[in-house]
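This report refers to the structure that appears directly beneath it.
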Amino acid sequence: MGKRAVRLVFRRALLIAALALALVACQMSREADADPDEFRLGQEFVIGGGQEAVFSGNDLSVRFSELLEDSRCPTTVECFWTGQARIAVIVQPTGRPSTTAYFNTNPAPGENVHTVRAGEYSVELKKLDPYPRTPDDPISFEDYRATLLVGR
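In terms of the numbering used here, the sequence shown opens at residue 1 and continues consecutively.
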């Protein structure tokens with residue numbers, strides 16, 4: 001094999017090694033992004049659809065597990081009814097059974113559920129974003145953001 005062929009093989013090997021390192025770095029970055037965020041009791045925090053947050057004392061986790069409904073009236077439409085959004089949040093105290101908290105933004109008396117008890121904790125939905133803009137532009141679950149407040 002000549003010098004030129006050896007250089008070509010060497011360059012290809014370097015390129016393959018560089019690509020492999022880039023793939024490993026991307027995977028590590030994704031895993032780091034999957035780590036839960038921390039929150040403090042009595043302070044509002046934002047959690048995305050499918051994401052988890054952990055109490056800074058490490059004895060409680062909260063996960064925005066499901067969007068059950070979003071029939072809120074889009075901002076570009078005039079509606080007879082304002083609609084509602086319903087979400088499920090799993091509250092998991094360490095070493096104890098989890099509680100699924102169901103929140104409902106329905107403004108009708110008796111239908112609006114913004115605060116739920118989960119064992120010794122209270123979980124309050126402060127806000128759910130984004131608000132629908134058009135009826136033809138669906139929002140993916142991962143794009144939703146729930147602003148929560150956890151207390152005792």
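In this text, a Cβ means the ideal position worked out from N, Cα and C, and glycines have one as well.
(request) Run the CB neighbour count on Gln51, radius 10 Å, all protein chains shown included, and call it buried at 16 or more, exposed below. (result) The count along the sequence shown starts at 1 and reaches residue 51 at position 51. Gln51 comes out buried.
(request) Would you mind listing the beta strand (DSSP E) stretches within the stretch 44–101 that are 3+ residues and don't spill past its ends, in chain order? (result) 45–48, 52–55, 60–70, 85–93
(request) Whole angstroms is fine: what's the gap from Phe45's alpha carbon to Ala118's? (result) Taking the first residue of the sequence shown as 1, we reach residue 45 at position 45. Taking the first residue of the sequence shown as 1, we reach residue 118 at position 118. Distance between the alpha carbons of Phe45 and Ala118: 17 Å.
(message) Am I right that Gln84 and Ser71 are in contact with their C-beta atoms under 8 Å? What's the rounded C-beta distance?
(response) Here the question's residue 84 lines up with position 84 in the sequence shown. Here the question's residue 71 lines up with position 71 in the sequence shown. Yes, Gln84 and Ser71 are in contact; Cβ-Cβ is about 6 Å, under 8 Å.
(request) Note down the Cα distance separating Thr75 from Ala53, rounded to an integer number of angstroms. (result) By one-based count along the sequence shown, residue 75 stands at place 75. By one-based count along the sequence shown, residue 53 stands at place 53. If I take the Cα positions, the gap works out to 30 Å.
(request) Specify, as a first and last residue, the run of the beta strand (DSSP E) that Gly119 falls within. (result) Counted from its first residue, the sequence shown places residue 119 at position 119. Run containing Gly119: none; DSSP gives neither H nor E here.
(request) Reducing DSSP to helix, strand and coil, say where Val24 ends up. (result) Walking along the sequence shown from the start, residue 24 turns up at place 24. Confidence at Val24 is low in this model, with a pLDDT of 48, below 50, so its placement is unreliable and the value that follows should be read with caution. Here Val24 sits in helix by DSSP.
(message) In whole angstroms, give me the CA-to-CA distance for Glu69 and Ala88.
(response) Stepping through the sequence shown from its first residue, residue 69 is reached at position 69. Stepping through the sequence shown from its first residue, residue 88 is reached at position 88. Straight-line Cα distance between these residues: approximately 10 Å.
(message) I'd like to check one pair, Glu142 with Gly222: are the Cβ atoms closer than 8 Å?
(response) There is simply no residue 222 to check, as the chain begins at 1 and stops at 152 in what is shown.
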